[in-house]
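S.K.:
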């Protein structure tokens, strides 16, 4: 991993501190895929601290509820495959200082069914071309959301320096995106997230959310099958948002360029069955509704890595962050929505 002094002293607030930015920031921040789950959480939080926001969408215009909640965030229709629409952002609002790319075809089965389409969106050639067309006097910071699925899944607690050897199209496309960015853009932060969970965003998204789905299954009394031998490092959505906020503030504050690659998961290695058991405990449901099965017993139409839990020590030391334990994140999620 290449590095620069621009991030060595970066830190998030400790548990005893209050996270606040006293002055509103002036630089333009663009959230690519801002109408998605993580994108909306980012917009909602960034809008508290940053004056100038834009976000992209593609097939569906943003809902009135989203526009009303963040009135100073400008929406732009952008086709990530061709890049159509990117120039409208810089023409109307000027060059961005920070671009956060959350857009992706992130369901592995969909990627496997149409790898060409998945790669055209997940590998951001058009985004890099747009950034490269802007003035290079102050190159924007590109924050790229990647995935734990770049790892093969044959051991526990992967580190960033371990070989990336994805087993499915989704992981391969996201690894290709990382390589493209590292080879062609010199101011970036790549965050390899795991399963992102947390409260609903401003507007409910069509995609099923992990905790909410588990709660509905348990509430129905019918129960469900959960893999006992697939392990992940699920991460609370607000932890990801806090990381991105600090990266954005560093750039707006004119910090030097950075080349940063980090695991961005949660603090625990958990199977899907263990996650469901914690949700049941917090929600007061019978854990016998959780049926433990092995991943090999189900044909999902796509290869899935068995154990891609991540070592979070580099993230913790870089940001000075205390990651939210899964139980705490579940409690916060259920308090807000159930």
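Residue numbers (our numbering): 979 to 1316.
For glycine and all other residues, C-beta sits at the position ideal for the given N, C-alpha and C.
Please read these numbers as outputs of a predicted model, since none were measured by experiment.
Can you give the Cα-Cα distance for residue 1000 and residue 1220, rounded to whole angstroms?
M.R.: What you label residue 1000 is simply residue 22 of the chain shown in a count that begins at 1. What you label residue 1220 is simply residue 242 of the chain shown in a count that begins at 1. Because the pLDDT of residue 1000 is 40, which lies under 50, any placement of that residue in the model is unreliable, and the number read from its coordinates should be weighed accordingly. Residue 1000 and residue 1220: Cα-Cα distance of roughly 16 Å.
S.K.: Check whether the region 1204-1220 touches the region 1033-1052, taking contact to mean three or more Cβ pairs, one atom from each stretch, closer than 8 Å.
M.R.: Touching, no.
S.K.: Could you name the residues that DSSP lists as bridge partners for residue 1035?
M.R.: Here residue 1035 refers to the residue found at position 57 of the chain shown. In DSSP, residue 1035 forms a bridge with 1055.
S.K.: Per DSSP, what are the beta-bridge partners of residue 1124 in this structure?
M.R.: Here residue 1124 is taken as the residue at index 146 of the chain shown, counted from 1. According to DSSP, residue 1124 bridges with 1170.
S.K.: Counting only runs of 3+ residues fully inside the region 1087-1127, write out the beta strand (DSSP E) ranges in chain order.
M.R.: The region 1087-1127 contains these whole beta strand (DSSP E) runs: 1119-1125.
S.K.: Mind pulling the alpha helix (DSSP H) runs of 4 or more residues that sit fully within the region 1219-1292?
M.R.: If we require 4 residues or more, the alpha helix (DSSP H) runs fully inside the region 1219-1292 come out as 1250-1261.
S.K.: Which of helix, strand or coil does DSSP assign to residue 1203?
M.R.: Translated into positions along the chain shown, residue 1203 becomes position 225. In the structure shown, residue 1203 sits in a strand (DSSP, three-state: E or B).
S.K.: Per DSSP, residue 1077 forms a beta bridge with which residues?
M.R.: Taking the chain shown and counting its residues from 1, one reaches residue 1077 at position 99. Residue 1077 is bridged to 1008 and 1120.
S.K.: Mark residue 985 as exposed unless 16 or more other C-beta atoms lie within 10 angstroms of its C-beta, in which case mark it buried.
M.R.: Within the chain shown, the letter at position 7 stands for residue 985. Confidence at residue 985 is low in this model, with a pLDDT of 44, below 50, so its placement is unreliable and the value that follows should be read with caution. Counting Cβ neighbours within 10 Å, residue 985 comes out buried, since at least 16 surround it.
S.K.: When the Cβ atoms of the region 1085-1096 are set against those of the region 1007-1019, are three or more pairs found closer than 8 Å?
M.R.: No, they do not touch.
S.K.: Taking all protein chains shown into account, do 16 or more other C-beta atoms lie within 10 angstroms of the C-beta of residue 1072, making it buried, or fewer, making it exposed?
M.R.: Residue 1072 sits at position 94 when you count from the first residue of the chain shown. The residue is exposed, with fewer than 16 neighbouring Cβ atoms inside 10 Å.
S.K.: Can you grab the Cα-Cα spacing for the pair residue 1299 / residue 1166, in whole Å?
M.R.: The residue given as residue 1299 occupies position 321 in the chain shown. The residue given as residue 1166 occupies position 188 in the chain shown. About 20 Å.
S.K.: For residue 1320, report the span of its alpha helix (DSSP H) as first-last.
M.R.: The question about residue 1320 has no answer here: the residues shown for the chain are numbered 979 through 1316.
S.K.: Less than 8 Å between the beta carbons of residue 1171 and residue 1099, yes or no?
M.R.: Mapped onto the chain shown, residue 1171 falls at position 193. Mapped onto the chain shown, residue 1099 falls at position 121. No, these two residues do not count as a Cβ contact at 8 Å.
S.K.: Could you round the C-beta distance between residue 1152 and residue 1289 to whole angstroms and report it? I think they count as a contact, below 8 Å.
M.R.: The residue labelled residue 1152 in the question sits at position 174 within the chain shown. The residue labelled residue 1289 in the question sits at position 311 within the chain shown. Incorrect: roughly 19 Å between the Cβ atoms, too far for contact.
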